[in-house]
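Respectively, the protein sequence lines represent chains H, G, L and F.
The numbering used here numbers the first residue of the first sequence as 29 and each following residue consecutively.
The numbering used here numbers the first residue of the second sequence as 29 and each following residue consecutively.
The numbering used here numbers the first residue of the third sequence as 29 and each following residue consecutively.
The numbering used here numbers the first residue of the fourth sequence as 29 and each following residue consecutively.
There are 4 protein chains.
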Amino acid sequence: SANIVLISRAFRHQFIIPDFQGFTKHIEDFYWKCKPNTEGKVASYIPQLARMNPDYWGVSVCTIDGQRFSIGDVNIPFTLQSCSKPLTYAIALERLGAELVHQYVGQEPSGRNFNELVLDYNKKPHNPMINAGAILVCSLLKTLIKPEMTLAEKFDFTMNCFKKLAGGENLGFNNAVFLSEREAADRNYALGFYMREHKCYPDKTNLRECMDFYFQCCSMEANCDSMAVIAATLANGGICPITEEKVLKPDSVRDVLSLMHSCGMYDYSGQFAFKVGLPAKSGVAGGMLVVIPNVMGICTYSPPLDPLGNSCRGLQFCEELVNEFNFHRYDNLKHATNKKDP
Amino acid sequence: SANIVLISRAFRHQFIIPDFQGFTKHIEDFYWKCKPNTEGKVASYIPQLARMNPDYWGVSVCTIDGQRFSIGDVNIPFTLQSCSKPLTYAIALERLGAELVHQYVGQEPSGRNFNELVLDYNKKPHNPMINAGAILVCSLLKTLIKPEMTLAEKFDFTMNCFKKLAGGENLGFNNAVFLSEREAADRNYALGFYMREHKCYPDKTNLRECMDFYFQCCSMEANCDSMAVIAATLANGGICPITEEKVLKPDSVRDVLSLMHSCGMYDYSGQFAFKVGLPAKSGVAGGMLVVIPNVMGICTYSPPLDPLGNSCRGLQFCEELVNEFNFHRYDNLKHATNKKDP
Amino acid sequence: SANIVLISRAFRHQFIIPDFQGFTKHIEDFYWKCKPNTEGKVASYIPQLARMNPDYWGVSVCTIDGQRFSIGDVNIPFTLQSCSKPLTYAIALERLGAELVHQYVGQEPSGRNFNELVLDYNKKPHNPMINAGAILVCSLLKTLIKPEMTLAEKFDFTMNCFKKLAGGENLGFNNAVFLSEREAADRNYALGFYMREHKCYPDKTNLRECMDFYFQCCSMEANCDSMAVIAATLANGGICPITEEKVLKPDSVRDVLSLMHSCGMYDYSGQFAFKVGLPAKSGVAGGMLVVIPNVMGICTYSPPLDPLGNSCRGLQFCEELVNEFNFHRYDNLKHATNKKDP
Amino acid sequence: SANIVLISRAFRHQFIIPDFQGFTKHIEDFYWKCKPNTEGKVASYIPQLARMNPDYWGVSVCTIDGQRFSIGDVNIPFTLQSCSKPLTYAIALERLGAELVHQYVGQEPSGRNFNELVLDYNKKPHNPMINAGAILVCSLLKTLIKPEMTLAEKFDFTMNCFKKLAGGENLGFNNAVFLSEREAADRNYALGFYMREHKCYPDKTNLRECMDFYFQCCSMEANCDSMAVIAATLANGGICPITEEKVLKPDSVRDVLSLMHSCGMYDYSGQFAFKVGLPAKSGVAGGMLVVIPNVMGICTYSPPLDPLGNSCRGLQFCEELVNEFNFHRYDNLKHATNKKDP
């Protein structure tokens, strides 16, 4: 049925990127430009991540009308890690409403170099894109949405939501990563207990289960291809461009994109917003979701990370992209003649 | 000549807001909705500001194709105060290039509640929208652009740039405010000396002249009507929609808008980006520049301020605006059916 | 045998407080002056502490030559809580040497109001008198001294050391407090994990055992009478005035007293050093050790605490004491004629 | 007349250091031990300090009964710099009382590495031994004590007080240093304005005069010999051992010594209190006051400073001193048999 949608659109000449083939040529160019970049180091705090092949490099694109393009290692499954944060936040917004969610977690950048001060001045985590905030969002999902579910059921429920965002494409779970993450998570346990001390969680939160749930969300696996569909669903106001299913409300998506814009790239977020100007979220396995609102979703995958935790090839790709196309949030659409409008 | 441009466009039915009259009806509605709002207090740190009439309330709109609408107290001149910060930053970018400017000043939000730590970890002010950064930008304008100019000449030069942004409309200077600001500026002098201690300024900077120049920029006067043209010039990639003069390069404008988005509303910036999602800059005299990129510029004017320093009526107006129209940066343009697309 | 020592000294007229009876009259006066003080609140974070009788009030004195005086509720056992911190630190110094111990923990006040930043700039806890530092000292005791000991054996070993400091007088253990502390210890677990993340512990540290050991030290019980002997042992350079056993080296005692002086009274430490000028350590059960070096040890016991966690009656007692006698560290001994030299 | 006092004491065998000649032998030893120490750098922020001879090295001792000993470059005048801070604080205490003074300035160490946050949480400078606190103390001296005095008269008044502390020995003033300090004082002006912003000063404070007064106090000159008398006056509860004049009350001296103990050695204060355990104050010209309460005052002079601003030879001398003698505040006087009691 997705095919029929695509075909009918093609007949009506309504594609958001009219010359998709020409556009993918550019993507291919950027891909090859970034390939020789061997900067950065694979994450090494657990052996499963340390063993990742630093040469993996893939880029997938999915427009809001379902046109797709992929190049490179786009079928290698990788763990979502922090790329799961905007997704769990989206589910929380969708099910609980922004007002309730933001009684527990803030909406502001945490400020560079102040990661030691884990809570903001209202004694809430700064935002859902940092570990403290994502742990808290997990406690909301676990404790406030269908609390009668067991941990196993809540995991299934969440994975199902992620799958819908991905147009039904396959997601996996890496149990070895989960077990290692749980073992190596001194900082996260410190955050978890610190927030319990400050009564950040909703009543009846079971901290250990909530931490496990958080590590499980981080340990889900997807490949570049499917992640691009997830990014496209966010670009498309919550409607999956492949299945046309309305997975999220536009308001939830708006809030997710706002915080990906200001807080999605760890301590580089401020500079990324300045230079690239697109909502994005990176994870330590090397994945990176990039959303061009109302146009397309992109996923890049390459394990080597810079010192701040963002994929080196992924960052370079984004810079190439906005240098060529008028995708920066604040590019002028009329007068910036040196940039292409695909 | 501006008229001819407008008329020719009207003939070609090319206006960015096709039904401008219908749109202005909504603006009028918002205006009347905000009028009874008597929250906030007029700035009182100098007598000239303390005497401002708290009832003043005006809104002006100017689209990127030059259509204009104004309601309320739009002809009362007020001092630019912090609304001058994006403008001096724009001139610095235009004349010196982003690379040089950002060797001296950062691009990141300073982090809520940490205004005491006035410099970031590279010993630079966090961004040009806070006082420390704006003082530094003034030192760049004074010391690196035509250093042979006297202070009087540099003031004329700058006012001229501001005028061009405003389509040639009249700007004034409030000498009483200037003298009072200079007298009452303990914090700014502290910042000024602190930055000199940390060798933040370019060589040959004369601190006293540079502080005077900063206070002079803050003490320029304009009315709501002209300020809306300035905002529209920013919305239009640097080309004034009234005169069609290319005042700024699109790249300079992109950088200005990026930092207005993340840092323009004092400590409320993060929440404003989340809720309203538009680049804006407020000043303590009650003015507020709002930019809807590629669409229009807005200025609101109402002296009473909330505790963070933003105009109360101005803030309410912005919220009304994005509740009704799909102007939030991350509103979905296709599927958010509950919002109007003017 | 202790009696013989006392008697022989008495014959030689060598007592440090020549007119002990006159002196105890003053102590009695201070005791009655503080008794009506009903300020403060009993600690309530665990039920066992919340149930303590707020009327309990006792003072015990033991000079370095073994003269003793007690008044009030001096036989009620209470848990040591933070009063155990100087004792575990003393054992660590004694067995491992100051150099080794201070490779792991600092020697500085942590700075008022900055308890969020739990580690100093060398990534060590600031000093052994705060929770982070005391947990670390427990890891040294557990991991570096006779590591072959089981947790039970290490507990016995430590209690034995405490007993020697107390001249062999009885110490107890409150298992209900231990279990509750362990349950309610979100902040301490957060600190524990945070320090493990920063590799603060010696190799082979088992964090869970080390935390249990820390809670066990806090849950030991003693009464006011015995605690005064411990304080007197510290006043006497490490030689217990009752048994004449050399329990600690003078160098270890010097370091303990230095840090009790600068860091022993939580966030009030700086002011206490200024006003009272004596090494002291308070605990949340209401106990307070006060050392007058080369003269005597004092213990006060009264459960109601001020907002910073120090016993209200204990604080008042110390102020009465230094107002009357020249015990403040920087009282002049010759010319301050308005103060008594007992 | 001073001689008569000395002689009469000598007849009565009442000297605090019974074998003064034996003791000075040790001082001489320490002096020669420290002489080859060529670590550190002469202060270089103004040319007058940069030109100081790094080889200068002098030590002077004055006991509370007026016995004196000097070795090395003890007649070279040097500017007091921060060594003036305890003296101005002492005058403020003496004339205004501790209660009034401490309404304006705190009593706590400022916390290592947090010198950026110049005010404590009551919006007061942390203590009178740091620049912010000393500037504030100068504003108290200038504004609250005989406010009718001109700046010149207030300078004379203050220098007179200093002279009395020094037993009438000569003090000078280095005008070149004063002018240079005033020129190079970005940080101090930043502090000055910052405190005015926070309304730290008493009413009617003239900031510029108060800053000038502060720089003048820093620019007074004395030599090592006279400074030792000042230290001895502090050791003797405020009575000058040379003139027997009661210059300060014992209570004022107690407070001065308390804060020299906890805050006198810049960011090294905590460690100095731990290792040396004596009240001291260093200045960037290389001078260092050391007080052994109830025993003697010492001054060392050697310009090369360690990175924290303390004289390298001075620090070494203090360590030698407490290694040999039981002068550390918490040395045990009875049982620490490895240390000498002079």
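Every residue, glycine too, gets a C-beta built ideally from N, C-alpha and C.
Identity of the residue in the options nearest residue i by Cα
i	options	result
threonine 328/H	Lys232/H, Phe302/H, Asn251/H	Asn251/H
glycine 196/F	Ala256/F, Pro278/F, Ala213/F	Ala256/F
glycine 342/H	Asp47/H, Ile320/H, Leu77/H, Phe58/H	Phe58/H
alanine 162/L	Gln49/L, Ile55/L, Ser290/L, Ala120/L	Ala120/L
serine 98/G	Phe43/G, Ser88/G, Met239/G	Ser88/G
asparagine 360/F	Asn198/F, Asn103/F, Gly305/F, Cys268/F	Gly305/F
asparagine 322/G	Gly315/G, Thr66/G, Gln344/G, Arg357/G	Arg357/G
glycine 325/H	Asp93/H, Cys245/H, Gly298/H, Gly220/H	Asp93/H
alanine 126/G	Pro156/G, Tyr149/G, Lys191/G, Leu349/G	Pro156/G
is_contact[residue i, chain L] using C-beta, thresh 9 Å
i	result
asparagine 141/H	The predicted model places asparagine 141/H with a pLDDT of 45, which falls under 50 and marks its position as unreliable; any figure quoted below should be read in that light. No, its Cβ sits nowhere closer than 9 Å to a Cβ of chain L.
aspartate 274/F	Looking at the sequence provided, one finds lysine at residue 274/F rather than aspartate. It does; some Cβ of chain L falls within 9 Å.
leucine 219/H	yes
tyrosine 222/H	yes
glutamate 225/H	yes
alanine 256/F	no
The beta strand (DSSP E) enclosing residue i, as first and last residue numbers
i	result
leucine 317/F	315 to 320
glycine 298/L	Per DSSP, glycine 298/L belongs to no beta strand (DSSP E); it is in the alpha helix (DSSP H), 297 to 303.
serine 112/G	Neither: serine 112/G is in no beta strand (DSSP E) and is coded neither H nor E.
glycine 325/H	324 to 329
Buried/exposed call for residue i, threshold 16 Cβ in 10 Å
i	result
alanine 204/L	exposed
lysine 309/F	buried
threonine 91/G	buried
tyrosine 73/G	exposed
glutamine 49/F	exposed
tyrosine 217/G	buried
Neighbour flag for residue i against chain G, beta carbons, 9 Å
i	result
glutamine 135/H	yes
glutamate 127/F	no
phenylalanine 51/H	no
leucine 287/H	yes
valine 281/H	yes
proline 278/H	yes
Chain F contact for residue i (CB, 9 Å cutoff)
i	result
leucine 343/L	no
histidine 356/L	yes
arginine 210/G	no
arginine 215/G	yes
Host alpha helix (DSSP H) of residue i (start-end)
i	result
isoleucine 163/H	159 to 172
phenylalanine 43/H	No alpha helix (DSSP H) holds phenylalanine 43/H; DSSP gives it neither H nor E.
glutamate 181/L	179 to 193
threonine 52/F	48 to 62
threonine 271/L	Neither: threonine 271/L is in no alpha helix (DSSP H) and is coded neither H nor E.
Close beta carbons around residue i, own chain, < 7 Å, minus the five adjacent residues each side
i	result
cysteine 189/F	Ile119
glycine 100/H	Tyr59, Trp85, Gly86, Val87
lysine 274/G	Gly266, Ile267
Own chain partners of residue i with C-beta closer than 6 Å, once the 5 adjacent residues on each side are dropped
i	result
serine 9/L	In the structure as shown, chain L starts at 29 and stops at 370, and residue 9/L therefore has no counterpart that could be examined.
alanine 194/F	Ser254, Val257, Ile258
methionine 80/G	Val70, Pro331
cysteine 111/G	Lys309, Gly311, Gly315, Leu317
Interface flag, residue i vs chain H, CB-CB below 9 Å
i	result
glycine 94/G	no
Cβ neighbours of residue i in the same chain (closer than 8 Å, five flanking residues each side left out)
i	result
phenylalanine 353/H	His54, Lys367, Lys368, Asp369, Pro370
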